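Note sheet for the following structure.
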Amino acid sequence: MTTTQIQAQVMPTPAGPLSLLADHGVLVAAGFTADPEKMFVRLSPALQARGLFRVGDLGPATSAVEAYLKGDLAALDSVPVSQPGTEKRQRLLTALRAVPAGTTVSYADLAEAAGLPRSAARAAGSACAQNLIAPFVPCHRILPQSGGFGGYYYGTPVKEWLLQHEGA
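Under numbering that gives the first Met the number 0, the first residue of the sequence shown is numbered 0, with each subsequent residue one higher.
Written out as structure tokens, the structure is:
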């Protein structure tokens, strides 16, 4: 491994395997898959060019997931994350990260929290759909106003498990 490679770890969770990808301690991808390559190919070409190396422990990110699974629902909040996006997308991702565990909001509420008009619900939905760092950027906490769970990149059962774990 060279220090410039993206580090990957796969952790078991009750919702399924969780792949974590980090760049010098900052998460650049996370998702419910046993294959970190599936997350790696969603990264920017510049990050992909650096290669991927599996490790057994990513340190703070690993500890945060373990604490979250044991019931410390705020544990994921302190892990640094970075993902690309326009200024509007970054505002939506920041607002998304501020939705506390145990609560849910609508896409329109998320848009409003990001300083956008409620009519920007579609942009909020797009930010959730393209989120690379689940559950650290908790798109599972956003539900459609019409009811139900809506979609989730990793499947509705994973979204349901996360919300139930958080008591939402």
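Each residue gets a CB set at the ideal place from its N, CA and C atoms; glycine is no exception. As the structure is a prediction and not an experimental result, all values here were calculated from the model.
Beta-bridge partners of residue i, as assigned by DSSP
i    : result
L20  : A7, A28
S105 : L142
V80  : L26
C-beta contact flag for residue i and residue j at 9 Å
i    : j    : result
I141 : V98  : yes
R96  : D71  : no
A14  : P156 : yes
L51  : P35  : yes
V9   : S18  : yes
H139 : L109 : no
P143 : S81  : no
A94  : G114 : yes
A126 : G84  : yes
V40  : A7   : no
Beta-carbon contacts of residue i that lie in its chain and below 7 Å, excluding the five residues immediately before and after
i   : result
A74 : A63, A66, Y67
Chain-order list of residues whose beta-carbon lies under 8 Å from that of residue i (same chain, five-residue window excluded)
i    : result
T12  : F31, V64, L68
L42  : I5, L20, V27, A28, L131
P210 : Residue 210 lies beyond the range of the chain shown here (0 to 167); nothing can be said about it.
G101 : L72, E165, G166, A167
Straight-line gap, residue i to residue j (C-alpha atoms, nearest Å)
i    : j   : result
A128 : P59 : 26 Å
Minimum length 4: unbroken alpha helix (DSSP H) runs contained in the segment 31-67: Counting whole runs of 4 or more residues, the segment 31-67 contains the alpha helix (DSSP H) stretches 35-39, 44-47.
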